[in-house]
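Those protein sequence lines, which keep their order, are chains A and B.
So the first sequence is residues 50 to 185, counted in our numbering.
So the second sequence is residues 50 to 185, counted in our numbering.
Cβ coordinates follow ideal geometry from the N, Cα and C atoms, glycine included.
Just so you know, these numbers come straight off a predicted model, no measurement behind them.
Report on one structure; see the data block that follows.
Number of protein chains: 2
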Amino acid sequence: GPARPTALAPDIAARLRRTPDGLVAAVVRQHDTGEVLMLAWMDDEALHRTLTTGRATYWSRSRQEYWVKGATSGHHQYVRSVALDCDGDAVLVSVDQVGVACHTGTRNCFSDELPVTGPQPDGLPVTGPQPDGLPV
Amino acid sequence: GPARPTALAPDIAARLRRTPDGLVAAVVRQHDTGEVLMLAWMDDEALHRTLTTGRATYWSRSRQEYWVKGATSGHHQYVRSVALDCDGDAVLVSVDQVGVACHTGTRNCFSDELPVTGPQPDGLPVTGPQPDGLPV
Chain A
50 GPARPTALAP DIAARLRRTP DGLVAAVVRQ HDTGEVLMLA WMDDEALHRT LTTGRATYWS
110 RSRQEYWVKG ATSGHHQYVR SVALDCDGDA VLVSVDQVGV ACHTGTRNCF SDELPVTGPQ
170 PDGLPVTGPQ PDGLPV
Chain B
50 GPARPTALAP DIAARLRRTP DGLVAAVVRQ HDTGEVLMLA WMDDEALHRT LTTGRATYWS
110 RSRQEYWVKG ATSGHHQYVR SVALDCDGDA VLVSVDQVGV ACHTGTRNCF SDELPVTGPQ
170 PDGLPVTGPQ PDGLPV
């Protein structure tokens with residue numbers, strides 16, 4: 050159950066499957082383009098506030114406090130819709146993002162591409178030089 | 050640090066910020082349409098396997114074992130790219146999804162819309178009847 054007092058509707062709370070520290074993952078996307086902006090964390094009360102205030106509200110794991118996105122940066126996230134996933138451990142939050150989502154100044158937080166070296170379905174490697182004459 | 054043996058490159062492992070049970074969130078999207086398909090969990094080794102085998106591999110919190118998406122269902126996820134987020138607690142996995150992503154049979158796992166009752170930027174409520182003459 051939730052660690053902190055919450056006004057979240059009990060029928061929603063009962064469907065959540067939380068991490069050991071009481072959180073669900075919040076995948077945040079721009080409502081019209083579908084761009085995945087960031088991932089944040091919500092406890093029950095953060096989800097309640099997100100559903101009822103129109104502003105995306107998260108739980109900061111590092112600061113251990115609620116965090117209304119944009120409150121200090123001006124990069125508000127106006128909530129358009131929220132969907133819970135099939136096993137209750139994540140919500141998909143569709144927002145209208147003002148400015149940039151990432152505190153680093155980029156539009157989204159996923160700027161750090163990792164090297165994918167596995168085979169692709171067509172048998173060609175993802176990275177490295179391609180054989181002459183084959184499209185990359 | 051990781052709880053299980055892993056071949057993940059140390060420079061990547063050093064950038065991860067894990068849940069108390071040693072996991073990062075994996076946001077999975079269809080590479081071309083951008084549709085958010087599901088959220089799953091990865092420990093270091095699941096991330097390593099995802100980066101090096103071409104097949105999305107997760108850690109099952111309920112079964113406490115590795116799980117190659119599609120191994121039993123046939124709904125394979127071929128990995129196109131993986132990006133780490135700015136604070137290291139989530140990866141965005143772009144895949145080519147065969148069939149449906151959700152075990153319930155829907156294309157994505159976010160079918161459970163929650164009621165959003167907060168105000169919108171224009172001051173109109175999201176739900177409930179609209180005043181006569183105003184666009185919905």
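Would B:TYR107 and B:TRP90 qualify as a contact pair, given that the criterion is a beta-carbon distance under 8 angstroms?
Against the second sequence, residue 107 of chain B aligns to sequence position 58. Against the second sequence, residue 90 of chain B aligns to sequence position 41. Result yes, Cβ atoms of B:TYR107 and B:TRP90 sit closer than 8 angstroms.
Hey, does A:ASP161 have any beta-carbon neighbour from chain B nearer than 8 angstroms?
Walking along the first sequence from the start, residue 161 of chain A turns up at place 112. With 8 angstroms as the cut-off, A:ASP161 counts as an interface residue toward chain B.
Put A:LEU88 into one of helix, strand or coil per three-state DSSP.
As a first step, residue 88 of chain A is located in the first sequence; it is residue number 39 there, counting from the start. Correct three-state label for A:LEU88: strand.
With DSSP collapsed to three states, give me the class of A:ARG67.
Counting from one through the first sequence, the residue named residue 67 of chain A turns up at place 18. The answer is coil: DSSP assigns A:ARG67 none of H, G, I, E or B.
Confirm, please, whether the CB-CB distance from A:GLU94 to A:ARG53 is below 8 angstroms.
Locating residue 53 of chain A in the first sequence gives position 4, counting from the first residue. Locating residue 94 of chain A in the first sequence gives position 45, counting from the first residue. Result yes, Cβ atoms of A:ARG53 and A:GLU94 sit closer than 8 angstroms.
Which term fits B:SER37, buried or exposed, when burial requires 16 or more other beta carbons within 10 angstroms of its beta carbon?
This structure gives no information on residue 37 of chain B, because the portion of chain B shown stretches from 50 to 185.
Does any residue of chain A bring its CB to less than 8 angstroms from the CB of B:GLU84?
Position 35 of the second sequence, counting from 1, holds the residue named residue 84 of chain B. Yes, because at least one Cβ of chain A sits closer than 8 angstroms to the Cβ of B:GLU84.
B:SER122 touches chain A at which residues, Cβ-Cβ below 9 angstroms?
For the purposes of this step, residue 122 of chain B is identified with residue 73 of the second sequence, where counting begins at 1. Those within 9 angstroms of B:SER122 in chain A number zero; the least Cβ separation is about 14 angstroms.
Compute the Euclidean distance between the alpha carbons of B:THR166 and A:THR102, then round it to the nearest angstrom.
Taking the second sequence and counting its residues from 1, one reaches residue 166 of chain B at position 117. Taking the first sequence and counting its residues from 1, one reaches residue 102 of chain A at position 53. Using only the alpha carbons, I get a separation of about 7 angstroms.
Could you give the C-beta distance for A:LEU57 and A:ALA75, rounded to a whole number, given that I count them as a contact under 8 angstroms?
Numbered from its first residue, the first sequence carries residue 57 of chain A at position 8. Numbered from its first residue, the first sequence carries residue 75 of chain A at position 26. A:LEU57 to A:ALA75, Cβ: 14 angstroms. No contact.
Jot down the residue ranges of each uninterrupted beta strand (DSSP E) in the region 96-122 of chain B, minimum 3 residues, whole runs only, in chain order.
DSSP runs (the beta strand (DSSP E)) wholly in the region 96-122 of chain B: 106-109, 114-117.
Taking only beta carbons into account, state which residues of the region 109-136 of chain A come closer than 7 angstroms to chain B, listed in chain order.
Going along the region 109-136 of chain A in chain order, one finds TYR127, VAL128, SER130, VAL131, ALA132, LEU133, ASP134, CYS135 with a Cβ nearer than 7 angstroms to chain B.
For a contact defined as C-beta to C-beta under 8 angstroms, what are the partners of B:ASP70 on chain A?
On the second sequence, residue 70 of chain B is found 21 positions in, with the first residue counted as 1. Those within 8 angstroms of B:ASP70 in chain A are THR68, PRO69.
Check each candidate in B:ASP134, B:ALA150, B:GLU162 and name the one with the smallest Cα separation from A:CYS187.
This structure cannot settle anything about residue 187 of chain A, because the visible part of chain A is limited to 50 through 185.
In angstroms with no decimal places, state the Cα-to-Cα distance between B:ASP138 and B:ARG67.
The residue given as residue 138 of chain B occupies position 89 in the second sequence. The residue given as residue 67 of chain B occupies position 18 in the second sequence. C-alpha separation (whole angstroms): 6 angstroms.
My output table needs one value for B:ALA150: the three-state DSSP class, helix, strand or coil.
Translated into positions along the second sequence, residue 150 of chain B becomes position 101. The answer is coil: DSSP assigns B:ALA150 none of H, G, I, E or B.
Per DSSP, what are the beta-bridge partners of A:LEU141 in this structure?
Numbered from 1 along the first sequence, position 92 holds the residue referred to as residue 141 of chain A. Paired residues: A:VAL76, A:ALA132.
For chain B, is any of its Cβ atoms less than 8 angstroms away from the one on A:VAL76?
Position 27 of the first sequence, counted from the first residue, corresponds to residue 76 of chain A. Chain B contact via Cβ: present.
Taking the continuous beta strand (DSSP E) assigned at B:ASP81, which residues delimit it?
In the second sequence, residue 81 of chain B corresponds to position 32, counting from 1. It is not in any beta strand (DSSP E) - B:ASP81 carries neither H nor E in the DSSP assignment.
Name the two residues that bound the continuous alpha helix (DSSP H) containing A:ALA56.
In the first sequence, counting from the first residue as 1, residue 56 of chain A sits at position 7. Where A:ALA56 is concerned, there is no enclosing alpha helix (DSSP H), given that its DSSP letter is neither H nor E.
B:HIS80 CB to nearest chain A CB: under 8 angstroms?
Sequence index remark: in the second sequence, residue 80 of chain B carries index 31 (1-based). No, no contact with chain A.
Please report how far the alpha carbon of B:VAL175 lies from the alpha carbon of B:HIS97, in whole angstroms.
Counted from its first residue, the second sequence places residue 175 of chain B at position 126. Counted from its first residue, the second sequence places residue 97 of chain B at position 48. For B:VAL175, the predicted model reports a pLDDT of 48, less than 50, meaning its position is unreliable and no value from the coordinates is stated.
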